[in-house]
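Colleague:
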Amino acid sequence: MEPQQPDVILATRTALSQASALAVQYSFSIVGALVLLCAGWLIARLLHNWAYAGLKRVHGIDETLARFFSNIIRYALLVLVFVTVLGQFGVQTASIIAALGAAGLAIGLALQGTLQNIAAGIMLLVLRPFRVGESIETSSVTGTIREIGIFATELVDSDGVYRLAPNSTLWNTPVRNFSRLPTRKHDLAISVGADQDIDDAMQRLLDIARGNDNVLKNPAPAVFISELAGDGATVTLRYWVSTPNWWATTRSMLKRVKDEFAVKPEAELQTNEDRGDDPSPLDP
1 MEPQQPDVIL
11 ATRTALSQAS
21 ALAVQYSFSI
31 VGALVLLCAG
41 WLIARLLHNW
51 AYAGLKRVHG
61 IDETLARFFS
71 NIIRYALLVL
81 VFVTVLGQFG
91 VQTASIIAAL
101 GAAGLAIGLA
111 LQGTLQNIAA
121 GIMLLVLRPF
131 RVGESIETSS
141 VTGTIREIGI
151 FATELVDSDG
161 VYRLAPNSTL
171 WNTPVRNFSR
181 LPTRKHDLAI
191 SVGADQDIDD
201 AMQRLLDIAR
211 GNDNVLKNPA
221 PAVFISELAG
231 DGATVTLRYW
241 VSTPNWWATT
251 RSMLKRVKDE
261 FAVKPEAELQ
271 TNEDRGDDPS
281 PLDP
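The numbers in UniProt numbering rise by one with no breaks, and the one at position 132 of the sequence shown is 132.
(1) In chain order, what residues of the same chain lie with their CB nearer than 8 angstroms to the CB of THR183, ignoring the 5 residues before and after it?
(2) What's the call for PRO221, buried or exposed, on a 16-neighbour Cβ count within 10 Å?
(3) Thinking C-alpha only, which one of ARG180, SER158, ASN117 is nearest PHE151?
(4) Name the residue from SER191, LEU181, PHE69 whose alpha carbon lies nearest to the alpha carbon of PHE130.
(5) With distances taken between CB atoms, is the gap from ARG67 to LEU47 smaller than 8 angstroms?
(6) Let's test the definition: count the other Cβ atoms within 10 Å of the Cβ of LEU127 and tell me whether it reaches 16, buried, or not, exposed.
(7) Who pairs with TRP240 in a beta bridge, going by DSSP?
(8) Since ARG210 is in the alpha helix (DSSP H), which residue starts that stretch and which ends it?
(9) Quick one: what's SER135 bridged to in DSSP?
(10) Starting from ARG180, trace the alpha helix (DSSP H) in both directions and tell me its first and last residue.
(11) Starting from the C-beta of VAL263, find all residues in its chain whose C-beta is less than 8 angstroms away, skip the five residues before and the five after it, and write them out in chain order.
(12) Please determine, among ARG204, ARG210, THR84, the residue with the shortest C-alpha to C-alpha distance to GLY32.
(13) So, are the CB atoms of LEU164 and LEU124 less than 8 angstroms apart?
(14) Beta-carbon within less than 8 angstroms of ARG210's beta-carbon, same chain only, minus the 5 sequence neighbours each way: which residues are those?
(15) Since SER179 and GLU134 are thought to touch, with beta carbons under 8 angstroms apart, how far apart are those beta carbons, to the nearest angstrom?
(16) Roughly how many angstroms separate the alpha carbons of ALA102 and ALA39, rounded to a whole number?
(17) Cα-Cα, which of GLN196, ILE208, ARG256 is closest to THR234?
(18) If VAL257 and LEU188 are in contact, beta carbons under 8 angstroms, what's the gap, nearest whole angstrom?
(19) Suppose you measure from the CA of LYS56 to the CA of VAL35; what does that come to, to the nearest Å?
(20) Report the rounded CA-to-CA distance for VAL81 versus ILE136, giving the unit in angstroms.
(21) Rank ARG204, GLY121, LEU155, ARG251 by C-alpha distance to the C-alpha of GLY149 and give the top, closest one.
(22) Report yes if the C-beta distance between VAL141 and LEU155 is below 8 angstroms; otherwise report no.
(23) Find out if the Cβ-Cβ distance for the pair THR249, ASN214 is shorter than 8 angstroms.
(24) Shortest alpha-carbon distance to VAL79 belongs to which of GLU147, PHE261, ALA44, GLY54?
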């Protein structure tokens, strides 16, 4: 038995030496990994703040979009740092990158609708077909914009009801923006019988429009015969109003014309450019 003792001692010493070498090796790897993680986290934070501040200064870039892109930069760098740290311990990072790519592809296929909303949200925030506070109408939703997010847009309709519309439904459809331009047109039509003086009716309509301070002088209000019906005619008053005053002015003009002619106008709006039911819930 005694001749075996040197072998045991030698094996023990060899094991201790290997353990010591592994401890030294991995201790350096652990320290390097910790340093790399701290440095990566700090750099990712600095790049996030730099990208956010830079995007905020770009004209047309919304704050939501600036935060979205800056967060993408930050998390992409953190993932790169994590993969590099694993490489410090001898892990084959190529297989990890391939696995991450496959996982990303699977997640993308599973979240196609969500990714469409993200892409549409980015386009809405960049091109700005509507902004917060503007009243819009699409084939699926009508209301005043409260917030434009990455995934969906919040609106309030004319009844004061909250509505949430996916961005893809707003991007893939024509949008009518009632608030974007500074002025809006209004057509007001009345019927004039054969026993009435049509020239007098046209002049009285013009006088009503010119007497309203909210009716713009340029372009000037105009009166014309828009339709012949039987023994009478339809006379239309066309005038322009600043967008903030459109609702109140058109309502007061309707009442004024009704009182003047003691008749109910045939149609409040007969053009493709205007509607009588302005969707803004801010209007009375």
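Beta carbons are placed, not taken as given, at the ideal position from N, Cα and C, and that holds for glycine. These numbers come from a predicted model, not from an experiment.
Modeller: In short:
(1) If you number the sequence shown from 1, residue 183 lands on position 183. LEU216, TRP240, VAL241, SER242, THR243.
(2) Position 221 of the sequence shown holds residue 221. Buried: at least 16 other Cβ atoms inside 10 Å.
(3) For the purposes of this step, residue 151 is taken as the residue at position 151 of the sequence shown. Nearest C-alpha to PHE151: ASN117.
(4) The count along the sequence shown starts at 1 and reaches residue 130 at position 130. Here the closest residue by C-alpha is LEU181.
(5) As a working mapping, residue 67 is identified with position 67 in the sequence shown. As a working mapping, residue 47 is identified with position 47 in the sequence shown. For ARG67 and LEU47, no; Cβs fall outside 8 angstroms.
(6) Taking the first residue of the sequence shown as position 1, residue 127 is located at position 127. Looking at its Cβ environment, which holds fewer than 16 other Cβ atoms inside 10 Å, LEU127 is exposed.
(7) Here residue 240 corresponds to residue number 240 of the sequence shown, with the count starting at 1. DSSP lists LYS185 as partners of TRP240.
(8) What you label residue 210 is simply residue 210 of the sequence shown in a count that begins at 1. Note, ARG210: alpha helix (DSSP H), 198 to 210.
(9) In the sequence shown, the residue the question calls residue 135 occupies position 135. DSSP output for SER135 lists THR144 as bridge partner(s).
(10) For the purposes of this step, residue 180 is taken as the residue at position 180 of the sequence shown. Looking at the DSSP string, ARG180 is not in any alpha helix (DSSP H), and its letter there is neither H nor E.
(11) Counting from one through the sequence shown, the residue named residue 263 turns up at place 263. In this prediction, VAL263 scores a pLDDT of 49, lower than 50, which makes its location untrustworthy; no coordinate-derived value is stated.
(12) Within the sequence shown, residue 32 is the residue found at index 32, counting from 1. Ranking ARG204, ARG210, THR84 by Cα distance to GLY32 puts THR84 first.
(13) Translated into positions along the sequence shown, residue 164 becomes position 164. Translated into positions along the sequence shown, residue 124 becomes position 124. In this structure, LEU124 does not lie closer than 8 angstroms to LEU164 by Cβ.
(14) Residue 210 sits at position 210 when you count from the first residue of the sequence shown. Closer than 8 angstroms at Cβ, skipping near neighbours: PRO221.
(15) The residue you call residue 179 lines up with position 179 of the sequence shown. The residue you call residue 134 lines up with position 134 of the sequence shown. Between GLU134 and SER179 the Cβ distance is about 4 angstroms, and since that is below 8 angstroms, they are a contact.
(16) Translated into positions along the sequence shown, residue 102 becomes position 102. Translated into positions along the sequence shown, residue 39 becomes position 39. Those two C-alpha atoms are separated by around 28 angstroms.
(17) Residue 234 sits at position 234 when you count from the first residue of the sequence shown. Residue GLN196 is the option with its Cα nearest to THR234.
(18) Stepping through the sequence shown from its first residue, residue 257 is reached at position 257. Stepping through the sequence shown from its first residue, residue 188 is reached at position 188. Confirmed, about 6 angstroms.
(19) Counting from 1 along the sequence shown, the entry for residue 56 is found at position 56. Counting from 1 along the sequence shown, the entry for residue 35 is found at position 35. So the two alpha carbons sit approximately 31 angstroms from each other.
(20) Start at 1 with the first residue of the sequence shown, and residue 81 comes out as number 81. Start at 1 with the first residue of the sequence shown, and residue 136 comes out as number 136. Those two C-alpha atoms are separated by around 45 angstroms.
(21) Mapped onto the sequence shown, residue 149 falls at position 149. Ranking ARG204, GLY121, LEU155, ARG251 by Cα distance to GLY149 puts GLY121 first.
(22) As a first step, residue 141 is located in the sequence shown; it is residue number 141 there, counting from the start. As a first step, residue 155 is located in the sequence shown; it is residue number 155 there, counting from the start. Yes; because the gap between Cβ atoms is below 8 angstroms, this pair is in contact.
(23) Position 249 of the sequence shown, counted from the start, is the residue given in the question as residue 249. Position 214 of the sequence shown, counted from the start, is the residue given in the question as residue 214. Taking 8 angstroms as the Cβ cut-off, THR249 and ASN214 qualify as a contacting pair.
(24) Along the sequence shown, read from residue 1 onward, the residue named residue 79 stands at position 79. Measuring from the Cα of VAL79, the nearest candidate turns out to be ALA44.
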